[in-house]
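J.: Going by our numbering, 47 is the number at position 44 of the sequence shown; the sequence numbering is gapless.
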Amino acid sequence: MQPKHSTSKPIGFGILGAGLIAPFHAKAVGDAKGGRLIAFCDTVRDRLDRLAGSFGTKAYHTLDDMLRDPEIDVVNVALPNHLHYKAVLQCAAAGKHVLTEKPPAMSLRETDEMIAACNTAGVKFGCFVQGRVRKSVQAMRSAVQAGRFGRLLHADAFMKWYRSTEYYQSDAWRMSRKSGAGVTVQQAFHYIDMLQYLIGPACRVQARMTNLAHPAVPLEDSTLAFVDFACGAQGVVEASTALWPGTDVRIELNGENGTAIMAGEKMLTWKFRDEQPEDEEIRRYGSAAQATGARGAADLGHAEHAVVVQDMVDAIRQHREVLIPVTSVRPTLEIVLAMYQSAARHQPVDLPIADDESIWAWKTEPSTPA
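1. Tell me whether Ala373 is buried or exposed, calling it buried when 16 or more other Cβ atoms sit within 10 Å of its Cβ.
2. Measuring alpha carbon to alpha carbon, tell me which of Met197, Tyr88, Asn214 and Arg298 ends up nearest Met178.
3. Name the one or two DSSP bridge partners that Tyr343 has.
4. On the DSSP letters alone, give me the boundaries of the alpha helix (DSSP H) that Thr114 sits inside.
5. So, for Leu155: in the same chain, excluding its five sequence neighbours on each side, which residues have a beta-carbon less than 6 Å away from its beta-carbon?
6. Just grab the DSSP bridge partners of Ala233 for me.
7. Would you call the stretch 122-137 and the stretch 93-106 touching, i.e. three or more CB-CB distances under 8 Å?
8. Beta strand (DSSP E) containing Leu155: first to last residue?
9. Run the proximity test for His87: is its beta-carbon closer than 7 Å to any non-hydrogen atom belonging to the ligand FMN?
10. Decide if the stretch 321-341 is in contact with the stretch 104-119; the criterion is three or more beta carbon pairs, one per stretch, under 8 Å apart.
11. Within 8 Å, do at least three Cβ pairs link the stretch 84-96 to the stretch 25-42?
12. Would you mind stating whether Ala300 and Leu19 have Cβ atoms separated by less than 8 Å?
13. Which residues share a DSSP beta bridge with His100?
14. In this structure, does DSSP put Glu169 in helix, strand or coil?
15. Helix or strand or just coil, what does DSSP make of Glu368?
16. Looking only at its own chain, which residues have a Cβ that is under 7 Å from the Cβ of Glu268, when we skip the five neighbours before and after it?
17. Please name the residue in Lys274, Lys36 and Asp251 whose C-alpha comes closest to that of Ala266.
18. Where does Gln141 sit, in a helix, a strand or coil, going by DSSP?
19. Which whole-angstrom value is the C-beta distance of Gly153 and Asn79, which I expect to be below 8 Å?
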């Protein structure tokens with residue numbers, strides 16, 4: 004049964020994982036009205052103790068120990084991607100609400116089991132694809148839903164980032180595709196999710212993955228994919244961590260009656276045949292100065308994470324669904340997995356798909372094929 008909470012008692016958060024993203028989660032919880040950071044948990048004691056000391060929280064060395072803490076109502080899962088599955092199942096069994104980093108898991112089966120476990124336990128299960136809350140993204144989604152684009156023709160994501168070899172070597176899991184370290188599932192997931200969130204699921208993908216600039220890293224650092232969406236639009240996903248110095252992501256929507264282009268968080272183009280009074284304000288959305296991860300893994304703010312955390316606090320108190328339930332992110336994972344299947348098989352892949360674990364053992368093409 005889902006625990007009941009007093010409106011006066013803070014909602015307690017525990018952060019599972021003390022790696023690179025953990026401080027962003029901690030700052031987000033600190034900004035949440037009605038939320039309180041209780042503890043960090045990690046098996047690496049020095050970084051755990053350092054982070055817990057920095058934020059003045061408890062430090063747990065095992066998840067079981069943290070889950071026994073009655074002050075913790077929500078666990079933010081900030082572990083390497085392949086470890087989300089078991090952690091979420093443990094949290095659900097302990098009656099804790101969960102916010103997980105993306106991707107929710109490394110397979111559709113795991114994702115479905117996680118969703119089922121949280122439903123059975125009566126706990127909320129959300130995902131940090133926090134780019135959805137960006138004002139420019141919300142404006143695009145509202146325009147799609149209002150029919151302002153007319154027939155959607157194109158939906159594209161261009162992510163031309165840079166990560167050094169040292170970034171990949173900083174943690175063992177960042178060198179393993181099976182752990183979820185390739186550019187497609189690790190970085191580009193956010194922007195593939197934006198396309199899926201804006202215009203709906205895909206029905207076919209064709210992808211090529213290569214390693215352009217990190218020969219010491221056994222992963223794809225670049226992906227080119229063509230996507231056919233169920234709504235009839237087509238699209239391109241270009242994603243790379245090889246392109247120094249890194250530039251802001253561009254999300255582009257084109258329809259028979261309008262075009263919208265966002266770079267980073269800033270709206271660059273907002274043009275429709277039927278001009279509306281709010282359009283001038285929408286054209287001013289976002290700032291080109293706001294870092295969004297193009298040049299480094301820590302080169303971003305925590306404001307969007309804070310929206311997701313605040314929503315969890317409010318959802319618990321209001322007994323409602325969270326803003327970004329994992330059920331809404333599953334179609335994105337399916338697109339990403341289909342891209343890996345397409346690249347491994349050298350052919351288009353139709354959705355829906357079945358899980359295929361062999362994709363994680365597939366070797367990336369060199370930058371100059373023989």
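For every residue, glycine included, the Cβ atom is placed at its ideal position computed from N, Cα and C.
T.: From the atom records:
1. Here the question's residue 373 lines up with position 370 in the sequence shown. Its pLDDT being 38, under 50, Ala373 is placed unreliably in this model, and the value from its coordinates should be taken loosely. Answer is exposed; the Cβ neighbour count stays below 16.
2. Position 175 of the sequence shown, counted from the start, is the residue given in the question as residue 178. That would be Asn214, whose Cα lies nearest to the Cα of Met178.
3. Along the sequence shown, read from residue 1 onward, the residue named residue 343 stands at position 340. According to DSSP, Tyr343 bridges with nothing at all.
4. By 1-based counting over the sequence shown, the position of residue 114 is 111. Looking at the DSSP string, the run of the alpha helix (DSSP H) that includes Thr114 is Leu111 to Ala124.
5. For the purposes of this step, residue 155 is taken as the residue at position 152 of the sequence shown. Excluding sequence neighbours, Leu155 sits near Ile202, Cys234, Ala236 and Gly258.
6. If you number the sequence shown from 1, residue 233 lands on position 230. According to DSSP, which records beta bridges pairwise, Ala233 is partnered with nothing at all.
7. yes
8. As a first step, residue 155 is located in the sequence shown; it is residue number 152 there, counting from the start. First-last of the beta strand (DSSP E) with Leu155: Leu155 to Lys163.
9. In the structure on display, the ligand FMN does not appear, and there are no ligands present to speak of.
10. yes
11. no
12. Here the question's residue 300 lines up with position 297 in the sequence shown. Here the question's residue 19 lines up with position 16 in the sequence shown. Contact flag unset, no.
13. Reading the sequence shown from its first residue, position 97 is the one you call residue 100. His100 pairs with Val77.
14. The count along the sequence shown starts at 1 and reaches residue 169 at position 166. The answer is helix: DSSP assigns Glu169 an H, G or I state.
15. Looking up residue 368 in the sequence shown gives position 365. Of the three classes helix, strand and coil, the one that applies to Glu368 here is strand, per DSSP.
16. The count along the sequence shown starts at 1 and reaches residue 268 at position 265. Only Arg137, Ser139, Gly289, Ser290, Gln293 and Thr295 meet the Cβ criterion.
17. Residue 266 sits at position 263 when you count from the first residue of the sequence shown. The residue with the shortest Cα to Cα distance from Ala266 is Asp251.
18. Indexing the sequence shown from 1 puts residue 141 at position 138. Three-state result, Gln141: helix.
19. For the purposes of this step, residue 153 is identified with residue 150 of the sequence shown, where counting begins at 1. For the purposes of this step, residue 79 is identified with residue 76 of the sequence shown, where counting begins at 1. Gly153 to Asn79, Cβ: 40 Å. No contact.
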